[in-house]
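Residue numbers (my numbering): 2 to 256.
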């Protein structure tokens, strides 16, 4: 019986799950797979598309078909923002997630662009501004092993961050302890926050930026950070590849 694309996908899937193709490595070239299994290139392409839809592989330009990590990164919920991390050890949130998952990280895993822009409805509601008021936008892209995991874009009142590392576009966190440490140095220590999470299918630019396989949703995060006095000091929007994170929360059950 000849091998169809579904049967070939099953063979490759089993090889990936058995570790024959390690995380971060590339599958053999498609013509090599075709020769090995006695099929044509079209069958290989259809099989690989199935694996992409399942989140097992991702096509990467100039590299080929890359086997994706199977262990989702822990996203630590409230614990990732612990003051003992950014005030004590200087650890920023994305690095705390990496360390909790047992994965390496480096400052250059986060890059950012910074610009002065205007507040939309969400930003104005969060920061108590008028629509169209000026705000600083700090848009970060975070990668692991050169594969994007998520974006996070924060907005600030200009008077809160002007002249600080938060408006510096240099790659990496905004100094030891990141943005929360910078806000603290401005007399705006983060004390509490509200996070709202939902899922949706990605927009075309998000598919490109996060190198998402076909059919993968994204997790959308909206975060508002407040001082102890109740002043909002940051509004952030995150877009996370759904398969790359496990969202974990530990909390005391309220009375």
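From the three backbone atoms N, C-alpha and C, an ideal C-beta is built for every residue, glycine too.
Quick caveat: nothing in here was measured; it's all calculated off a predicted structure.
With DSSP run on the structure shown, which of helix, strand or coil describes residue i?
i: residue 65; result: strand
i: residue 223; result: strand
i: residue 144; result: strand
i: residue 31; result: helix
i: residue 137; result: strand
i: residue 254; result: coil
i: residue 187; result: coil
i: residue 107; result: coil
i: residue 153; result: strand
i: residue 24; result: coil
i: residue 102; result: helix
i: residue 36; result: helix
i: residue 239; result: strand
i: residue 210; result: helix
Residues in the same chain with beta-carbon distance under 8 angstroms from residue i, minus the five sequence neighbours each way, listed in chain order, please.
i: residue 219; result: 200, 201, 202, 203, 207, 211, 213, 240, 241, 242 and 243
i: residue 154; result: 138, 139, 140, 141, 237, 238 and 239
To which residues of the same chain is residue i closer than 7 angstroms at the C-beta, ignoring the five residues directly before and after it?
i: residue 177; result: 91
i: residue 52; result: 10, 13, 14 and 58
i: residue 39; result: 4
i: residue 168; result: 115, 137 and 162
Check whether the Cβ atoms of residue i and residue j sit closer than 7 angstroms, and answer yes or no.
i: residue 143; j: residue 166; result: no
i: residue 124; j: residue 236; result: yes
i: residue 93; j: residue 179; result: yes
i: residue 170; j: residue 113; result: yes
i: residue 138; j: residue 152; result: no
i: residue 27; j: residue 64; result: yes
CA-CA distance, residue i and residue j?
i: residue 145; j: residue 66; result: 17 angstroms
i: residue 238; j: residue 29; result: 38 angstroms
i: residue 89; j: residue 41; result: 58 angstroms
i: residue 32; j: residue 46; result: 10 angstroms
i: residue 197; j: residue 225; result: 9 angstroms
i: residue 9; j: residue 48; result: 6 angstroms
i: residue 150; j: residue 68; result: 15 angstroms
i: residue 16; j: residue 22; result: 6 angstroms
i: residue 85; j: residue 181; result: 12 angstroms
i: residue 62; j: residue 54; result: 18 angstroms
i: residue 245; j: residue 136; result: 30 angstroms
i: residue 43; j: residue 231; result: 59 angstroms
i: residue 134; j: residue 120; result: 5 angstroms
i: residue 129; j: residue 189; result: 16 angstroms
i: residue 87; j: residue 116; result: 25 angstroms
i: residue 97; j: residue 76; result: 9 angstroms
i: residue 247; j: residue 126; result: 29 angstroms
i: residue 222; j: residue 141; result: 14 angstroms
i: residue 193; j: residue 82; result: 10 angstroms
i: residue 209; j: residue 148; result: 12 angstroms
i: residue 35; j: residue 7; result: 14 angstroms
i: residue 108; j: residue 80; result: 20 angstroms
i: residue 256; j: residue 18; result: 44 angstroms
i: residue 253; j: residue 160; result: 36 angstroms
Starting from the C-beta of residue i, find all residues in its chain whose C-beta is less than 6 angstroms away, skip the five residues before and the five after it, and write them out in chain order.
i: residue 78; result: 249 and 250
Secondary structure, beta strand (DSSP E): runs of 3+ residues fully inside the region 39–100: 58–61, 65–68 and 74–76
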